[in-house]
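A short worksheet on the structure shown next.
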Ligand SMILES: Cc1ncc(COP(=O)(O)O)c(C=O)c1O
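Numbering (this note's numbering), first residue to last: 345 to 735.
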């Protein structure tokens, strides 16, 4: 027997898909950009110059958040997926080349890797993570050899929030280009591209950076080999040439840029910087600790991540005994106004690894403005659900 829907505040637990709501200034900054700026880098008039300034501010904000000293090494993309594809498809792969990755990667990595395997015969070497989804010390080093042209590792899992140790990863593949998928970690834990000597870091603007969809970035390390761009086209620079300019960021930014998106992203990052990434990370960890402790007291539900909350962002994947993940998600929305995501979360590799393929799980992902009271409300709803089922 289930309760009838009651009037309660909606709790959005799908921050791993996209952060919501956005900070107040984001939509306003986008509206201002539409009203006060035109196509950046093309014309020389005041509206175009304002467009260029907006792009520069977004690059500078991303650089200061992610530890990239030179804003020209911050390439604006349509999102994390484009940034990952730019590197994976753009590097040089001689015959016999391999790419090393992990069994926890998202389809934004898995699919371009498979496409490259099919197109060029590049060998994909998948390193097994441990039971917690972390790379065991030495595992990456053992997989890297003279054929390795790229290592691709996510920083935080979109299923369990488990963080890899990027310093360890960097050490174990020293000398090989390293691409970090920071989709779930940017804005949620500190990242230092230059300090750690990372070559490529791909970030979305719409998750932890609190900006709008349709914009993200590829950060290039100081010594990163430059991939071929995915696209060629107008940049407003070197227009006498019919070849793509080499200069950064133009080499990678063909076509009209997303000026309103950049304005919104800068505002989102300003919000993150004002709170402080360390403070956001601490807050998420305490929410997770409280949530996992409460979950321990419930029977009939299992969490698939690591018990150690100090190396996780606030994402948890749950499996309910005898209940379908889709039904659980539907029930949580209908009866408790809790919004979650069920299924495979674009991560079939990770679900296989966690033993939750093909049904998937129910993912709860908290955000920076959730409170301990929200966690309690969610735990209460889960307790009701495991007691009464979804019928
Ligand atoms: C781990 C991971 N990588 C990559 C992506 C792709 O991000 P986007 O769809 O914003 O390009 C996601 C999106 O959920 C993700 O969770």
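The beta-carbon is built from N, C-alpha and C at its ideal position, and this holds for glycine as well.
Just so we're clear, the structure is a prediction, and the values are computed from it rather than from any experiment.
Endpoints, alpha helix (DSSP H) assigned at residue i
i           : result
residue 625 : 621-640
residue 432 : 424-434
residue 408 : 390-410
residue 376 : 368-380
residue 479 : First-last for residue 479: undefined, no H or E at that position.
residue 696 : 692-698
residue 294 : Summary: the structure shown does not reach residue 294, with the chain confined to residues 345 through 735, and so no result is reported for it.
residue 462 : 451-464
Distance, residue j Cα to residue i Cα
i           : j           : result
residue 733 : residue 715 : 26 Å
residue 345 : residue 659 : Confidence in residue 345 is poor, its pLDDT being 42 and thus under 50, which makes the residue's placement too unreliable to answer from.
residue 704 : residue 501 : 15 Å
residue 459 : residue 728 : 45 Å
residue 482 : residue 464 : 29 Å
residue 745 : residue 669 : Since the displayed the chain opens at 345 and closes at 735, residue 745 lies outside it and no answer follows.
residue 450 : residue 486 : 22 Å
residue 529 : residue 653 : 14 Å
residue 416 : residue 592 : 6 Å
residue 467 : residue 677 : 43 Å
residue 357 : residue 657 : 13 Å
residue 617 : residue 735 : 45 Å
residue 420 : residue 719 : 35 Å
residue 625 : residue 381 : 35 Å
residue 722 : residue 361 : 18 Å
residue 585 : residue 622 : 46 Å
residue 398 : residue 519 : 35 Å
residue 545 : residue 731 : 44 Å
residue 348 : residue 706 : Bear in mind that the predicted position of residue 348 carries a pLDDT of just 49, short of 50, making it unreliable; the figure below should be weighed with that in mind. So the alpha carbons of these two residues sit roughly 22 Å apart.
residue 572 : residue 365 : 36 Å
residue 725 : residue 631 : 16 Å
residue 559 : residue 666 : 40 Å
residue 717 : residue 641 : 17 Å
residue 633 : residue 394 : 45 Å
residue 682 : residue 662 : 14 Å
residue 575 : residue 383 : 19 Å
residue 562 : residue 480 : 27 Å
residue 457 : residue 476 : 24 Å
residue 527 : residue 539 : 19 Å
residue 664 : residue 699 : 13 Å
residue 432 : residue 615 : 31 Å
residue 515 : residue 376 : 44 Å
residue 577 : residue 462 : 27 Å
residue 696 : residue 447 : 9 Å
residue 388 : residue 629 : 48 Å
residue 580 : residue 589 : 10 Å
residue 610 : residue 710 : 22 Å
residue 430 : residue 408 : 22 Å
residue 675 : residue 646 : 18 Å
residue 378 : residue 619 : 27 Å
residue 748 : residue 639 : The structure shown does not extend to residue 748, since the chain is modelled only from 345 through 735, so no value can be given for it.
residue 367 : residue 525 : 24 Å
Those residues which DSSP pairs with residue i across a bridge
i           : result
residue 544 : 523, 564
residue 358 : 709
residue 421 : 560
residue 682 : 355
residue 470 : 445
residue 656 : 506
residue 687 : 705
Span of the beta strand (DSSP E) around residue i
i           : result
residue 660 : 659-664
residue 646 : 645-647
Any non-hydrogen atom of ligand 3 within 8 Å of residue i CB
i           : result
residue 428 : For the structure depicted, ligand 3 is absent and the ligand set comprises only ligand 1.
### Query
Should the segment 439-456 be called in touch with the segment 549-561, which here means at least 3 C-beta pairs below 8 Å?
no
#### Entry: the segment 470-481 in contact with the segment 416-432 per 3-pair CB rule at 8 Å
no
### Query
Which residue spans inside the segment 481-532 form an unbroken alpha helix (DSSP H) run of at least 4?
483-487, 510-516
### Task
Inspect the CB distances between the segment 494-508 and the segment 531-538 and report whether three or more fall short of 8 Å.
yes
### Message
Check whether the segment 583-602 and the segment 683-697 are in contact - that is, three or more C-beta pairs closer than 8 Å.
### Response
no
#### Entry: At least three beta-carbon pairs within less than 8 Å, the segment 489-497 to the segment 401-414
no
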